[in-house]
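Asks: Going by our numbering, the sequence shown opens with residue 1, and the numbers climb by one from there. Dropping the structure in here first, questions after.
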Amino acid sequence: MNNPLLSPNSERHDVIIIGAGGAGMMCAIHAAKRSRDTLLLDHSKKVGGKILISGGGRCNFTNRGAGPGQYVSQNPHFCKSALSRYPSDSFVQMVEKHGIPYHEKKLGQLFCDHSAQAIVNLLQSECADAGARFRLGSQIQGISQELLQTRQPGENGKNRTSRFRIRTEDSLLECESLVIATGGLSIPKIGATGLGYQIAKQFGLNTVTTAPALDGFTFTSEQKTLFAELSGISVDCMITCNGVQFRENLLFTHSGLSGPAALQASLHWGGTNPGSEVSPPKSIEINLLPEIYSFQWFMTRKKEGSRATVKNLLAEILPRRLADRLCELYFQTQVQLPLPQVSERTLEAFCQQLHQWILIPSGTVGYNKAEVTRGGVDTNELSSKTMESKKIPGLYFIGEVVDVTGWLGGYNFQWAWASGWAAGQVV
Ligand code: FDA
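And the structure:
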């Protein structure tokens with residue numbers, strides 16, 4: 001007997017997932033394992049494009065310590081349910097089942113020993129085993145929805161279901177569950193688009209203002225003249241932005257600040273509540289010598305009888321070019337004096353600068369380089385258990401398109417796996 005929820009002349013599936021990235025494939029695996037007829041659509045010809053370029057080609061596929069504390073969202077509680085039901089260990093088990101060699105780099109970050117391609121292969125083969133199918137190079141032209149009342153509650157206990165129609169350039173598709181896994185706006189050249197946000201808007205769902213994140217900072221033109229020549233220098237530092245601190249490496253580039261420290265800080269630069277009325281903090285604070293209390297260190301050198309200049313001494317604990325530039329900028333008058341002739345008050349003030357170097361960057365680097373997009377579909381619109389829209393039955397949003405953004409270090413993939421898994425249990 002024909003399913004009355006579906007109309008003739010169109011291709012029918014139980015579940016259609018738009019976006020064959022990490023979140024979409026994870027959802028497809030688990031939906032298809034439940035014998036749901038599952039189709040993944042993607043406009044790209046290759047699946048998992050972001051996985052392939054992630055982690056320097058080795059994919060930092062999860063973080064052993066992933067928990068809600070490492071995510072930025074207007075609702076910091078939203079990610080708890082999915083992350084606790086699909087923790088990093090669950091993904092590690094899949095990696096081990098597929099015999100993929102991996103290692104822990106630092107701070108719980110797990111990377112493939114060889115190529116990120118192994119993670120894409122894993123997801124594709126799990127999809128194939130479960131029976132999920134792919135349709136790549138598929139341009140979505142429009143989506144419509146019809147709300148249907150059923151006499152008896154469905155699998156999810158609800159008696160309202162939807163029929164979605166998805167028009168592509170060469171087919172009309174229908175499904176009961178539509179999952180949006182189109183990711184964010186970062187790296188348009190590998191296929192990022194704002195389709196997920198447009199779909200949310202079309203169905204009346206609120207979105208939290210989006211911004212590039214995990215992308216580092218750009219210098220103002222004045223900072224460029226002062227610091228461009230430091231390009232290539234990398235230092236261990238403690239960086240603070242909007243009250244959140246990271247101990248990571250900072251890399252000076254010719255146009256700004258990069259490296260893990262700057263990437264982490266850039267996630268928080270716009271405030272923890274993107275889109276909120278509160279104006280975002282614009283400064284970052286850098287402790288260039290997190291291991292040493294520099295004033296004490298200089299005083300010890302003085303007691304030992306050192307007659308070196310502060311500039312030369314500082315070059316023992318910071319890269320020479322950086323030490324020179326900081327002294328020229330913040331220690332001008334006494335820069336050539338031997339240590340015993342330097343006023344302790346001036347030295348202490350200078351040391352304070354080294355531990356609390358405050359910069360106001362002109363902006364962040366932008367979507368062409370950003371690892372993620374902060375903001376997205378408002379979590380108030382979704383069930384934290386299933387990722388289903390509260391307004392539109394059968395419509396789900398998973399992965400980066402949702403307003404849940406992880407720190408650098410494997411947290412974003414963990415969110416993609418966990419949210420994809422959560423939807424995969426119910427679609
Ligand atoms: P993702 O972006 O992966 O997938 C979305 C899919 O939707 C794509 O296949 C795209 O083609 C498709 N799509 C988009 N628009 C469409 C349209 N209009 N029609 C049809 N299909 C459409 N994270 C981490 O945890 N560890 C790491 O090592 C890294 N490293 C890293 C490096 C770089 C350079 C980047 C850019 C990002 C990372 N990330 C990361 C972040 C991580 O890649 C990202 O958070 C996840 O891939 C998000 O997974 P999703 O499946 O949600 O989106």
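Glycine included, C-beta positions come from ideal geometry on N, C-alpha and C.
1) Are E176 and S162 touching if we call contact CB-CB under 8 Å?
2) Taking DSSP as the reference, what is the three-state secondary structure of I429?
3) Taking the beta carbon of W421 as the centre, do at least 16 other beta carbons fall within 10 Å, making it buried, or is it exposed?
4) Look up G275 in the DSSP assignment and say whether it is helix, strand or coil.
5) Count the other CB atoms, across all protein chains shown, that sit within 10 Å of the CB of K311; report buried if there are 16 or more and exposed otherwise.
6) Shorter than 7 Å, the distance from the beta carbon of F413 to the closest heavy atom of the ligand FDA, or not?
7) Are the Cβ atoms of F252 and L226 separated by less than 8 Å?
8) Can we count T193 as close to the ligand FDA, meaning its CB is less than 7 Å from some heavy atom?
9) Could you tell me whether any non-hydrogen atom of the ligand FDA is closer than 7 Å to the CB of L41?
10) Entirely within the stretch 266-330 and at least 4 residues each: give me those alpha helix (DSSP H) ranges in chain order.
11) Compare the C-alpha of G270 against each of R320, Q332, F295 and G216 and name the closest.
12) Starting from Y396, trace the alpha helix (DSSP H) in both directions and tell me its first and last residue.
13) When you compare only the Cα positions, how much space is there between Q425 and V15?
14) Report yes if the C-beta of G183 is less than 7 Å from at least one heavy atom of the ligand FDA; otherwise report no.
15) Check whether the stretch 385-398 touches the stretch 178-194, counting contact only when three or more Cβ pairs, one atom from each stretch, lie closer than 8 Å.
16) Shorter than 7 Å, the distance from the beta carbon of N159 to the closest heavy atom of the ligand FDA, or not?
17) Can we count K189 as close to the ligand FDA, meaning its CB is less than 7 Å from some heavy atom?
18) Which of the three DSSP states is assigned to G55 in this structure?
19) Classify H77 as helix, strand or coil using the three-state DSSP reduction.
20) Are the beta-carbon atoms belonging to A261 and C237 less than 8 Å from one another?
21) If contacts are defined as beta-carbon pairs under 8 Å, then N63 and L110 qualify, I think. What distance do you get, rounded to the angstrom?
22) Considering just the uninterrupted stretch of the beta strand (DSSP E) at L110, what are its terminal residues?
23) Given this structure, state the Cα-to-Cα distance separating E11 from N121, to the nearest angstrom.
24) Could you tell me the boundaries of the alpha helix (DSSP H) in which T346 lies?
25) Is V401 near the ligand FDA, going by C-beta to nearest heavy atom under 7 Å?
26) From which residue to which residue does the beta strand (DSSP E) around Q141 run?
27) Could I get the ranges of all uninterrupted alpha helix (DSSP H) runs contained in the stretch 217-262, with 4 residues as the minimum, in chain order?
28) How far does the beta strand (DSSP E) with G410 in it extend, from its first residue to its last?
29) So, with DSSP's three-state summary, where would you put E126?
30) May I ask you to report which of helix, strand or coil DSSP gives F164?
31) Please list the terminal residues of the continuous beta strand (DSSP E) segment that includes Y197.
32) When burial is assigned at 16 or more other CB atoms within 10 Å of the CB, is E277 buried or exposed?
33) Check whether the Cβ of K50 lies closer than 7 Å to any heavy atom of the ligand FDA, and answer yes or no.
34) Ordered along the chain, which non-local residues of its own chain (more than five positions away) have a Cβ less than 6 Å from that of K80?
35) Which term fits E400, buried or exposed, when burial requires 16 or more other beta carbons within 10 angstroms of its beta carbon?
36) Alpha carbon to alpha carbon, how far is S138 from S115? Give it in angstroms, no decimals.
Replies: Let's see:
1) Yes.
2) Absent from the structure is residue 429, since the part of the chain shown begins at 1 and ends at 427.
3) buried
4) Only weak support exists for where G275 lies, its pLDDT of 44 falling under 50; the coordinates are left without a value.
5) buried
6) yes
7) Not in contact: F252 and L226 (Cβ atoms no closer than 8 Å).
8) Taking the Cβ of T193 as the reference point, at least one heavy atom of the ligand FDA falls within a distance shorter than 7 Å.
9) yes
10) 294-303, 310-314 and 320-330
11) G216
12) From DSSP, Y396 is part of no alpha helix (DSSP H) but of the beta strand (DSSP E) over L395 to F397.
13) 12 Å
14) yes
15) yes
16) no
17) Because no heavy atom of the ligand FDA lies under 7 Å away, the Cβ of K189 does not count as near it: no.
18) helix
19) coil
20) yes
21) Between L110 and N63 the Cβ distance is about 7 Å, and since that is below 8 Å, they are a contact.
22) Q109 to C112
23) 27 Å
24) E344 to H355
25) Within the cutoff, so yes.
26) Annotation: the continuous beta strand (DSSP E) that includes Q141 extends over I140 to Q149.
27) For the stretch 217-262, whole alpha helix (DSSP H) runs of length 4 or above, ordered along the chain, are 221-227.
28) Per DSSP, G410 belongs to no beta strand (DSSP E) and is neither H nor E.
29) helix
30) Correct three-state label for F164: strand.
31) No beta strand (DSSP E) contains Y197, which is instead part of the alpha helix (DSSP H) from L195 to Q202.
32) At E277 the pLDDT is 42, less than 50, meaning the model places this residue with poor confidence and gives no usable figure here.
33) yes
34) P68
35) buried
36) When the Cα atoms are used, S115 and S138 turn out to be separated by approximately 27 Å.
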